[in-house]
Amino acid sequence: MVTILGREVPNQLNELTVLQFEQITNIHANNELDAIAKHLEVFELLGVPEVDFEDVSIEEFKECVKVFNDLSGKPELQQSIEMEGYTYKAFEGETFRLSVKDTKHIEKVMHSKHKGYIAELLAILFKRDDLTKAEHYAEAHIKHKAKMIRELKAELAVPYLVEIGQKLAKQMPKDAPAEVVE
Amino acid sequence: MHLPKSWSEIDVFQFKEIRSLYTIEETFSREIEILATLADIPSDDLEDLDISEVGDMLKDITFINSEPSKFYKHVLGEWKFKPLSKLTVGEFIDLEYFFANDYIKHISHVASILYRKHSINEWGDLVFEPYKYSPFERAELFDEYGINEIYGIITEYLAFRTTFMEKYELLFQADESEEEEEAIKPANSQDAKAEQEHKSAIKWSWERLLYGLCNEDLTKFDQVTDMPLVLTFNMMAMKKELNI
Chain A
1 MVTILGREVP NQLNELTVLQ FEQITNIHAN NELDAIAKHL EVFELLGVPE VDFEDVSIEE
61 FKECVKVFND LSGKPELQQS IEMEGYTYKA FEGETFRLSV KDTKHIEKVM HSKHKGYIAE
121 LLAILFKRDD LTKAEHYAEA HIKHKAKMIR ELKAELAVPY LVEIGQKLAK QMPKDAPAEV
181 VE
Chain B
1001 MHLPKSWSEI DVFQFKEIRS LYTIEETFSR EIEILATLAD IPSDDLEDLD ISEVGDMLKD
1061 ITFINSEPSK FYKHVLGEWK FKPLSKLTVG EFIDLEYFFA NDYIKHISHV ASILYRKHSI
1121 NEWGDLVFEP YKYSPFERAE LFDEYGINEI YGIITEYLAF RTTFMEKYEL LFQADESEEE
1181 EEAIKPANSQ DAKAEQEHKS AIKWSWERLL YGLCNEDLTK FDQVTDMPLV LTFNMMAMKK
1241 ELNI
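Quick mapping for you: the protein sequence lines, in order, are chains A and B.
Residue 172 in my numbering sits at position 172 of the first sequence; the count goes up by one each step and never skips.
So my numbering is basically just the index in the second sequence, starting at one, shifted up by 1000.
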């Protein structure tokens, strides 16, 4: 937690929920907002209303942003999580493995660019042992799991986002098919 | 798993199948489907692999992002490529249909019009079989040929078409201005009716042309479609220019 204009604001990945992290990501992805407006919206989201900044100088505002962005520690991949009495596993063995099937589903979720894609992405990765593949990838099941995941801490999401980003960047083909030149 | 290394290992059917997969918007999913098609396996067989494993395979098939060879064979088995300068009106109209409706999807249909049975007549001249068959019935005979053997007919026809359209620009101008008008939204029901009539006119433009060339006598339909394309358009251009 950091204190901004006298208010306690969660800023660490083990303090923010996945839902808050999604909301912050969406604010930063909004091209209609400039950098200051984005920070103001993030602070508002986390409990510091915009009106509180009315008499704040730009230097003080910059300091608030700096304090907020000061993250400590680097969260590690959590192989499994517990929700509603069930264990969900993202991968077997020692290292994270991203299957073709998961990637296809993740790509579909990311392509839709809807606001809750981070939780859905995790919902695709984390699987219950007692369910079949068909049940696991069923849309309703993914949505339900994503809803539960949004209440977990963002430290769960970030390492996976990094891993997936790196893996996709490495594997994704970049060329488009050539067209006949008329 | 055997993966082809270049277009020279791909037949027309596979080529069409691969190109049809480009309707899949998600890049990775599309590449997986293409990979499965090339390996001739269900894409489900790849789904449990790690993406780094398929990544290497995807690197092996980057040739799919290039065009096949622009050359084409003039003789394919019993078929011989009919020079485009010798096209008939009927052949041209059918080719235009296929080119207007996705020429990649219809490359076999295009090939079935341009590759023909042939013989030498009593005067020692090369004679092509008449266009009395349906390209829809014959198209699949060309699916098994290598894509590199026939892909060049597409570029060849497109180049011919460009020159042809430029040469007979006057005859095609009316259609172009009609297309521009089409973009204007109708202001009232009368305009809407006019637009509908106009759309119908475009829809039936080739039929209208043939009907005119037949002098409204449909028994002459085959005679007209068998007429040499260039001669017919020369005569039409003359009529238009002299307003006769």
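Ideal Cβ placement from N, Cα and C applies to all residues, glycine included.
It should be emphasised that the depicted structure is a prediction, and the values quoted were computed from it without experimental measurement.
Check: CB contact below 8 Å: ASP1262/B versus chain A; Outcome: Since the first residue shown for chain B is 1001 and the last is 1244, residue 1262/B is missing from the structure and cannot be characterised.
Check: Below-8 Å beta-carbon distance, ALA72/A vs any chain B residue; Outcome: A quick correction: the sequence has Ser, not Ala, at residue 72/A. No, because no Cβ of chain B sits closer than 8 Å to the Cβ of SER72/A.
Check: Where ARG128/A meets chain B, residues with beta-carbon distance less than 8 Å; Outcome: Within 8 Å Cβ-Cβ: nothing; ARG128/A doesn't reach chain B, min ~17 Å.
Check: Residues, ordered as in the chain, of the segment 1004 to 1027 of chain B that lie near chain A by beta-carbon distance below 9 Å; Outcome: ILE1018, ARG1019, TYR1022, GLU1025, GLU1026, THR1027
Check: Within 8 Å, strictly: CB atoms of THR87/A and ASP129/A; Outcome: yes
Check: Assigned exposure category for LEU71/A - 16 Cβ within 10 Å defines buried; Outcome: exposed
Check: Beta-carbon neighbours of LEU1087/B, restricted to chain A and to distances below 7 Å; Outcome: Result: empty, since nearest Cβ-Cβ is about 18 Å, beyond 7 Å.
Check: Spatial neighbours of LYS145/A in its chain, beta-carbon cut-off 6 Å, leaving aside the 5 residues before and after; Outcome: ALA123
Check: Close Cβ partners of ILE1120/B (< 8 Å) along its chain, the five nearest in sequence each way excluded; Outcome: LEU1126, VAL1127
Check: GLU84/A: first and last residue of the uninterrupted alpha helix (DSSP H) it sits in; Outcome: Where GLU84/A is concerned, there is no enclosing alpha helix (DSSP H), given that its DSSP letter is neither H nor E.
Check: Segment limits, beta strand (DSSP E) that includes LEU1095/B; Outcome: Segment 1089 to 1100 is the alpha helix (DSSP H) holding LEU1095/B; no beta strand (DSSP E) there.
Check: Residues near THR1155/B in its chain [Cβ-Cβ closer than 7 Å; skip 5 each side]; Outcome: LYS1070
Check: CA-to-CA distance, LYS127/A to VAL18/A, given in whole angstroms; Outcome: 18 Å
Check: Inter-residue spacing [alpha-carbon to alpha-carbon] between GLN1223/B and CYS1214/B; Outcome: 8 Å
Check: Option nearest GLN171/A by Cα separation, candidates VAL100/A, ALA157/A, ALA29/A; Outcome: VAL100/A
Check: Proximal chain A residues relative to ILE1153/B, where beta-carbon distance stays under 7 Å; Outcome: Within 7 Å Cβ-Cβ: nothing; ILE1153/B doesn't reach chain A, min ~11 Å.
Check: Of the listed residues TYR1157/B, GLY1077/B, GLU1033/B, nearest to ILE1064/B (C-alpha basis); Outcome: GLU1033/B
Check: Cβ-based contacts, 7 Å cut-off: residues of the segment 81 to 114 of chain A near chain B; Outcome: ARG97, LEU98, SER99, VAL100, LYS101, THR103, LYS104, GLU107, LYS108, HIS111
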